[in-house]
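Peer 1: Pasting in a structure now, in structure tokens, and then I'll have a few things to ask.
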DNA sequence: ATAACGTTTGTTATAATATAACATATTTGA
DNA sequence: TCAAATATGTTATATTATAACAAACGTTAT
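Chains as they are written, first to last, in my numbering: chain A, 1 to 132; chain B, 1 to 132.
As structure tokens, this is what we get:
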């Protein structure tokens, strides 16, 4: 049975804000932005974020404690994320590279551990910051 | 000139605890453990952690806000980390795989961004937890 | 030796990030 | 239609991390 997931009110509001932002958003900055829409408490934000992550609509950029909309797998549940992060301007880009994905999906270490998902973050200098 | 880095008192104390632990340690759990040694404030811990990371002696497991000793590059500054994390027992292992390291070191995306370092975290089930 | 510099320490206060616990409402599905 | 699952609202609190300032220490060049 195909599950068509409809988002709840809070989830829609929060996804909308994250999608419209062109940078990763922090939970409390999201909270600030949605207070006029009736979402008053951190927990309401965190609960929506949790669900949106589970659905693959957004990702958490772990090293930055920030959240970005998924640009790659349209509406699919994505458990494999790769980001490039500029350490100067903090610009974050989700990388979609088939070869890399395939390589990582098939990676297995000596221990025989099964990997269900991964998160890879590259840190460096973006082309703009490299110039200046 | 080769710089032989000697650690300061606090740095030694904190590195010692992290090295002796067989699991990632949280900053405040480290703090609790070193209070008998005179380290009383969070900032003292965080400052030592920051330095130890810079020296490559320890790594931060970003998704867990926890710190582990570097098992791989003995005393070298390590900017390329790969961890496997069991989502059930939370066991964390640093992975040292030459092929993977080489692959990631040479990776470059379309944008031309220069990567100085990366952090990769695999999540899954370790062999022990798989059995039960 | 000592001045100058960078690093480390100690300390208090506070900011930023995230979850617990409980009551109620809403949606979904057999 | 009623039971189960999901979502909401709310208050309180836990956890993680940094700001700001003053003092001590360590290294190096004179």
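In this text, a Cβ means the ideal position worked out from N, Cα and C, and glycines have one as well. Remember, it's a predicted structure, so these values are computed and weren't measured experimentally.
Please report the residue range of the alpha helix (DSSP H) in which residue 27/B lies.
Peer 2: As a working note, residue 27/B is residue 27 in the second chain. From DSSP, the alpha helix (DSSP H) with residue 27/B extends over 27-34.
Peer 1: Use the C-beta contact count for residue 42/A: other C-beta atoms within 10 angstroms, 16 or more gives buried, fewer gives exposed.
Peer 2: Here residue 42/A corresponds to residue number 42 of the first chain, with the count starting at 1. Residue 42/A comes out exposed.
Peer 1: Check residue 86/B in the structure and name its three-state DSSP category.
Peer 2: Taking the second chain and counting its residues from 1, one reaches residue 86/B at position 86. DSSP places residue 86/B in strand when its eight states are reduced to three.
Peer 1: Please report the distance separating the alpha-carbon of residue 75/A from that of residue 11/A.
Peer 2: Against the first chain, residue 75/A aligns to sequence position 75. Against the first chain, residue 11/A aligns to sequence position 11. Summary for residue 75/A: the model assigns pLDDT 49, below 50, so the residue's position carries little reliability; its value from the coordinates is reported in the next sentence. Between residue 75/A and residue 11/A, the C-alpha separation is close to 14 Å.
Peer 1: Determine, for residue 95/B, whether the minimum Cβ-Cβ distance to residues of chain A falls below 7 Å.
Peer 2: Position 95 of the second chain, counted from the first residue, corresponds to residue 95/B. Answer yes: the Cβ-Cβ gap between residue 95/B and chain A drops below 7 Å somewhere.
Peer 1: Which residues, taken in chain order from the stretch 114-129 of chain A, show a beta carbon closer than 7 Å to some beta carbon of chain B?
Peer 2: Listed by position along the chain: 114, 115, 116, 117, 118, 119, 120, 121, 122, 123, 124, 125, 126, 127.
Peer 1: Expressed to the nearest angstrom, what Euclidean distance is found between the alpha-carbon atoms of residue 46/A and residue 6/B?
Peer 2: Counted from its first residue, the first chain places residue 46/A at position 46. Counted from its first residue, the second chain places residue 6/B at position 6. For residue 46/A and residue 6/B, the distance between alpha carbons rounds to 43 Å.
Peer 1: Rounded to the nearest angstrom, how far is the Cβ of residue 125/A from that of residue 70/A, given a contact under 8 Å?
Peer 2: Against the first chain, residue 125/A aligns to sequence position 125. Against the first chain, residue 70/A aligns to sequence position 70. Going by Cβ atoms, the distance from residue 125/A to residue 70/A rounds to 25 Å, so no, they are not a contact pair.
Peer 1: So, with DSSP's three-state summary, where would you put residue 123/B?
Peer 2: Within the second chain, the letter at position 123 stands for residue 123/B. DSSP, reduced to helix, strand and coil, places residue 123/B within a strand of the structure shown.
Peer 1: Compare the C-alpha of residue 128/A against each of 116/B, 112/B, 128/B, 54/B and name the closest.
Peer 2: One-based indexing of the first chain puts residue 128/A at position 128. Selected option, being the one with the closest Cα: 112/B.
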